[in-house]
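Student:
Residue numbers (the working numbering): 63 to 376.
#1: From 148, 87, 102, pick the residue whose C-alpha is nearest to that of residue 116; which is it?
#2: With a CB to CB cut of under 8 Å and the five nearest residues on each side skipped, what residues in its chain are close to residue 125?
#3: If we ignore side chains and look at the alpha-carbon of each, how far apart do residue 352 and residue 221 end up?
#4: Would you mind sorting residue 361 into buried or exposed? The rule is 16 or more other CB atoms within 10 Å of its CB.
#5: If contacts are defined as beta-carbon pairs under 8 Å, then residue 164 and residue 114 qualify, I think. What distance do you get, rounded to the angstrom?
#6: Looking only at C-alpha atoms, which of 67, 344, 323 sits nearest to residue 336?
#7: Need the endpoints of the beta strand (DSSP E) that residue 46 sits in, please.
#8: Thinking residue 208 and residue 234 are a contact (beta carbons under 8 Å), I'd like their distance in whole angstroms, please.
#9: Tell me the DSSP bridge mates of residue 295?
#10: Are there 16 or more other CB atoms within 10 angstroms of the CB of residue 359, so buried, or fewer, so exposed?
#11: Who does residue 240 pair with in a DSSP beta bridge?
#12: Since residue 256 contacts residue 201 with CB under 8 Å, what's their CB separation in whole angstroms?
In structure tokens:
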């Protein structure tokens with residue numbers, strides 16, 4: 063008899079069915095069943111839940127649940143909604159996701175490095191004016207968050223010739239990267255970087271991290287890329303810094319509320335590039351293969367994959 067695995071999501075049914083079909087092909091010894099299709103016996107027997115923004119009540123309705131595998135890399139919403147008593151949560155760590163994120167960071171770093179926002183404004187005003195070229199080595203890119211995604215981004219940026227400073231929670235060493243940590247390291251990164259990239263997880267410590275005080279500590283003309291989570295930035299403080307020109311431009315892919323409301327001042331701000339959360343979409347095939355491999359190893363060994371620290375939130 064196949065072991066039931068619950069697929070618990072709040073994504074649309076067509077997307078959920080696509081995930082279920084791929085996972086079923088990779089886990090033929092298991093039965094991948096969307097929660098709403100499970101009978102009482104299947105819910106009682108399921109030891110594993112594969113989730114994407116699940117309804118907490120549906121997770122709670124699986125009494126034999128031993129662990130949860132997220133289909134997303136970010137788990138802060140999952141932690142917040144399931145609480146400290148949740149079963150162990152395994153986040154998705156997909157090298158393809160890291161590659162795509164690093165690709166996006168390099169692309170948008172070039173966008174800022176080569177003054178694309180300035181040339182766009184000049185085009186709108188029919189202004190023909192050339193600006194001096196700067197070599198990548200003349201700029202420092204500061205990366206906030208040096209996990210899998212940050213490391214991949216740093217590798218791409220250093221290969222392109224940029225100087226890179228990376229800030230991590232605890233001291234690390236990464237070849238070719240000026241690594242800093244703690245509050246003093248954060249202060250140094252903010253003071254010395256020309257472009258700052260946020261890849262931080264959203265936790266109680268990082269919520270509102272980039273506020274008026276920290277914006278004021280940055281170089282005049284600093285540019286910002288936020289590809290992590292919207293609440294890491296205090297929106298009103300960022301807009302004030304953009305209005306004065308102290309922050310020259312912000313590329314924003316994540317927001318407090320998504321989709322971004324039409325009333326948001328970010329839409330019309332001349333020094334903001336708004337993206338609809340597209341910096342690193344999950345690749346369904348590579349992600350499903352990683353989830354399936356983790357589940358196969360668990361069934362073969364009885365050992366759970368490495369889970370997040372639920373108190374830290376990642």
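Just so you know, even glycine gets a beta-carbon here, dropped at the ideal spot from N, CA and C.
Tutor: So, from the data block:
#1: Position 54 of the chain shown, counted from the start, is the residue given in the question as residue 116. Looking from the CA of residue 116, the closest CA among 148, 87, 102 belongs to 148.
#2: Within the chain shown, residue 125 is the residue found at index 63, counting from 1. Closer than 8 Å at Cβ, skipping near neighbours: 105, 106.
#3: Taking the first residue of the chain shown as position 1, residue 352 is located at position 290. Taking the first residue of the chain shown as position 1, residue 221 is located at position 159. In this structure, the CA atom of residue 352 is about 28 Å from the CA atom of residue 221.
#4: Counting from 1 along the chain shown, the entry for residue 361 is found at position 299. So residue 361 counts as exposed.
#5: Indexing the chain shown from 1 puts residue 164 at position 102. Indexing the chain shown from 1 puts residue 114 at position 52. The Cβ separation is near 23 Å, so there is no contact.
#6: For the purposes of this step, residue 336 is taken as residue 274 along the chain shown, with counting starting at 1. With distances taken between Cα atoms, residue 336 lies closest to 323.
#7: A question about residue 46 goes unanswered here, because the residues of the chain that appear run from 63 up to 376.
#8: For the purposes of this step, residue 208 is taken as the residue at position 146 of the chain shown. For the purposes of this step, residue 234 is taken as the residue at position 172 of the chain shown. Beta-carbon to beta-carbon, residue 208 and residue 234 are separated by about 6 Å, close enough to satisfy the 8 Å threshold.
#9: As a position in the chain shown, residue 295 is number 233, starting the count at 1. For residue 295, DSSP records a beta bridge to 272.
#10: For the purposes of this step, residue 359 is taken as the residue at position 297 of the chain shown. It is exposed - the Cβ of residue 359 has fewer than 16 other Cβ atoms within 10 Å.
#11: Numbered from its first residue, the chain shown carries residue 240 at position 178. Beta-bridge pairing links residue 240 to 227.
#12: Here residue 256 is taken as the residue at index 194 of the chain shown, counted from 1. Here residue 201 is taken as the residue at index 139 of the chain shown, counted from 1. By a beta-carbon distance limit of 8 Å, residue 256 contacts residue 201. Their separation comes to about 4 Å.
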